[in-house]
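Contents: one structure, followed by commentary.
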Amino acid sequence: MSEFFLIFEMNGHGFFIWSAYGVWFVLLILLFLKVLLRKKEIKRKLKYFIEKNDGFEE
Amino acid sequence: MLRKLHKYANPNKFNSIIMPIKSVCLYTALPLIAIGLIIGLFFSPPDYQQGETVRIMYIHVSSAWISLFAYVLIFLLSVFYLIWKFPLFVLMAKEIPFVAIIFTLITLITGSLWGKPTWGTYWVWDARLTSFLILLFIYLGLIFIDKAFKYNVNGDLSFSYLSIIGAINIPIIKFSVDWWNTLHQPASVIRASGPSINIEMLIPLMIMSTGALLLFFYLIFTNIQSAIAEKKILFLSSKD
């Protein structure tokens, strides 16, 4: 069990390494969500306008 | 040659081309990043000087490369827009800064977290760090111009001119470590005499960078599709 924690301790530099990876992960997830939510919202709006304009697509 | 490319300037045609490419990008990027993370964190060797902190390199360097590559892409698309006046070029260019600014932010934050155990400080005003911070502000400027002049030709022109002026910063970032005495280490991968980095570190770095690049393309392509759909909505709403 202690060997398992040694991997995460990274010779005393664990805080810097895991914080860096944490920031990287959180920012990429937020970016991913922002891009996908924008796409979803636009799809919803486009569907509404296409239905309103009798199936116009181009 | 150029005439053959004209048909791809049609947003609908372009949309149908990027659709399959986008999926390939995402489904290749995710396993590559996962493999790169596992090798980088648990199997690559520690550095003889920096020890375990070198593992930050796999996310720091890959993000830095994406930030610079993204700017080169914006610069090229802006030049193409000013020459050929295809609106699709500037539409594509405008979708890049928001994604690129996140990669720039990751580079600055992870670099800062790497700097503390290596240099003894989170930040120093050396040429590489300062020029990278300027890149962040240029991306912010491009985002503000896009928001301020939404759907306006003057906005498209302002965006293109600013991105061309800002491109001066790219060679400054690249060569800052050679031109000035900096705390930041000189280039160890992209250099004329070949990489000086250990192969066991180079492999996870290249895997992570390829994964990050494909993820970047996926996000950009999704944003471009959204922007094309936004234009359609604008057209349809103007008919009301």
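One line per chain: the protein sequences are B and D, in this order. So that you can map any letter, position 31 of the first sequence is 31 in this note's numbering, and since no number is skipped, the others follow by simple counting. So that you can map any letter, position 125 of the second sequence is 183 in this note's numbering, and since no number is skipped, the others follow by simple counting. Every residue, glycine too, gets a C-beta built ideally from N, C-alpha and C.
Under DSSP, ASP105/D shares a beta bridge with GLY109/D. Collapsing the DSSP output to three states places TYR180/D in coil.
Under the DSSP assignment, HIS242/D falls outside any alpha helix (DSSP H); it carries neither an H nor an E label.
GLY199/D sits in a helix when the DSSP states are folded into three classes.
Against chain B, the CB of GLN107/D has no partner CB under 8 Å away; the residue lies outside that interface.
Comparing C-alpha distances from LEU36/B to each of ALA128/D, VAL112/D, ALA92/D and LEU84/D shows the shortest one belongs to LEU84/D.
The criterion of a C-beta distance shorter than 8 Å is satisfied by ILE231/D and LEU126/D. Contacts with chain B at 8 Å (Cβ-Cβ) include PRO175/D. With distances taken between CA atoms, GLN108/D lies nearest to MET10/B out of GLU3/B, PHE4/B, MET10/B and PHE5/B. Taking the Cα of ILE228/D as reference, the smallest distance to any Cα among ILE196/D, PHE156/D and ALA287/D is reached at ILE196/D. For LEU46/B, the closest Cβ of chain D is nearer than 8 Å. Using a CB distance cut-off of 8 Å, GLU110/D counts as an interface residue toward chain B. Here HIS13/B carries a coil assignment [DSSP, helix/strand/coil]. For PRO262/D, the uninterrupted alpha helix (DSSP H) segment begins and ends at 257 to 296. Assigned with DSSP and collapsed to three states, ILE228/D falls in helix. Between ILE282/D and ILE75/D, the C-beta spacing is not below 8 Å.
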